[in-house]
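Structure, as structure tokens:
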Amino acid sequence: MKNAKETVNTRIGKLSFTHDFENGYPTEERQQKLFNEMDFQRATQAYLWGLPIVALAQWQHEHENVFGAKSGDIVLYRDYADKAGILTANATTPYAGSFINLEKTGPIVIDMPEADVRGATHSMWQIATAAMTESGRYIFYPPGTEAPKVENARVFESPTNSIFFAIRLLSTDEAQRDKDLAAIKIYLLSEIDSAPETKVIDVAGRPWQGWQPRGIGYFERLADILGREPVAERDRFFINAEAARDREGQALRTRRPPKAHPRRCGARRRGDGQGKRLREAAPHAAGGICQGFAMGDRYSLAARPATRDL
């Protein structure tokens, strides 16, 4: 075995190893460089992965905090200015939309009228749940719960706790569009025999943002929505399952890395000699996946366990 340090040229610069590359481990200085690079790469992966759900989570946030909408209230976007916060809206069609938190409401009913309207519901991952192009009664219930039995209704299990109900108003007459929208009913299943009026909130030119936040705000929004939604098995790669179990229910936290040990994770046992040397030299560095999202800062995302296999 060579005793001298070996330096290897890599895409992220030169990395020095004790002994040689095959039999050594990164020097203390290079360990920090590798951890920072891991943080950056995982931040990039998490950012790209979370784009769909963060966009709808941000839109839901604006519904609640800018327009004061509650679960099941409809927000109306009449014109171009009202729709300025939507990423993919066209310039002419009036839109309306509602976010419904099924975890809080339980099964929800949406009645679509015989009118020139088109609707659709989507999961928070922007995956279509139901095309609502025909009049009739639609029922949506929370993931992993028993389907309600209702005659003459289309029943759908939502893959996420919250759903987004999007509406396009197609009549060319504004007064008729208002009547058509008023004919759409959203209410609790328990209210099916006496459905109340659905509240409609007009954007009325108020500025709002329906696209993903920038900077740390993006990861705060991602952590918030992951803490409220089940994680599909297909997404487990992006979630540190061990950390999620240990930190169930915690919100995203940021902290500066300590000077002595910039990264602390539970060490995973390895059978090879190199793994043993790594644990002895840097026990804080020998764990599995640890989550960081930008160089210099630390972030941890907590997500509830999956309730069903999507």
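Residue numbers (the numbering used here): 1202 to 1511.
All C-beta atoms in this analysis are idealised placements derived from N, C-alpha and C, irrespective of residue type, glycine included.
What separation, rounded to the nearest whole angstrom, lies between the Cα atoms of residue i and residue j?
i	j	result
residue 1235	residue 1389	52 Å
residue 1226	residue 1285	53 Å
residue 1278	residue 1347	35 Å
residue 1250	residue 1291	26 Å
residue 1213	residue 1343	46 Å
residue 1353	residue 1263	34 Å
residue 1275	residue 1296	10 Å
residue 1435	residue 1252	16 Å
residue 1437	residue 1244	15 Å
residue 1359	residue 1334	18 Å
residue 1242	residue 1416	15 Å
residue 1455	residue 1399	At residue 1455 the pLDDT is 40, less than 50, meaning the model places this residue with poor confidence; the figure from the coordinates comes in the next sentence. The alpha-carbon atoms of residue 1455 and residue 1399 are separated by roughly 40 Å.
residue 1329	residue 1357	11 Å
residue 1228	residue 1209	12 Å
residue 1314	residue 1337	7 Å
residue 1340	residue 1350	10 Å
residue 1306	residue 1391	10 Å
residue 1402	residue 1237	46 Å
residue 1375	residue 1240	52 Å
residue 1395	residue 1308	16 Å
residue 1257	residue 1265	12 Å
residue 1232	residue 1424	27 Å
residue 1418	residue 1224	42 Å
residue 1304	residue 1378	31 Å
residue 1414	residue 1261	13 Å
residue 1420	residue 1383	37 Å
residue 1326	residue 1397	29 Å
residue 1404	residue 1355	30 Å
residue 1220	residue 1345	54 Å
residue 1486	residue 1211	Legend: pLDDT at residue 1486 = 36, less than 50; position of this residue unreliable, value from coordinates given subsequently. Those two C-alpha atoms are separated by around 20 Å.
Report the three-state DSSP secondary structure of residue i (helix, strand or coil).
i	result
residue 1313	strand
residue 1235	helix
residue 1374	coil
residue 1433	coil
residue 1225	coil
residue 1428	coil
residue 1214	strand
Measuring CB to CB, does residue i end up less than 8 Å from residue j?
i	j	result
residue 1381	residue 1318	yes
residue 1406	residue 1270	no
residue 1321	residue 1331	yes
residue 1422	residue 1259	yes
residue 1216	residue 1412	no
residue 1361	residue 1324	yes
residue 1387	residue 1273	yes
residue 1255	residue 1409	no
residue 1385	residue 1280	no
residue 1207	residue 1218	yes
residue 1432	residue 1440	yes
Can you list, in chain order, the stretches of the beta strand (DSSP E) that have 3 or more residues and sit fully within the stretch 1246-1319? 1275-1278, 1296-1302, 1309-1313
The stretch 1292-1310 contacting the stretch 1348-1367, beta-carbon criterion three pairs below 8 Å: yes
Does the stretch 1367-1379 come into contact with the stretch 1240-1248, if we say contact requires no fewer than three beta-carbon pairs (one atom in each stretch) closer than 8 Å? no
If you scan the stretch 1328-1411 from start to end, which runs of the beta strand (DSSP E) of 3 or more residues do you find wholly inside it? 1329-1333, 1337-1342, 1355-1358, 1363-1370, 1386-1389, 1401-1403
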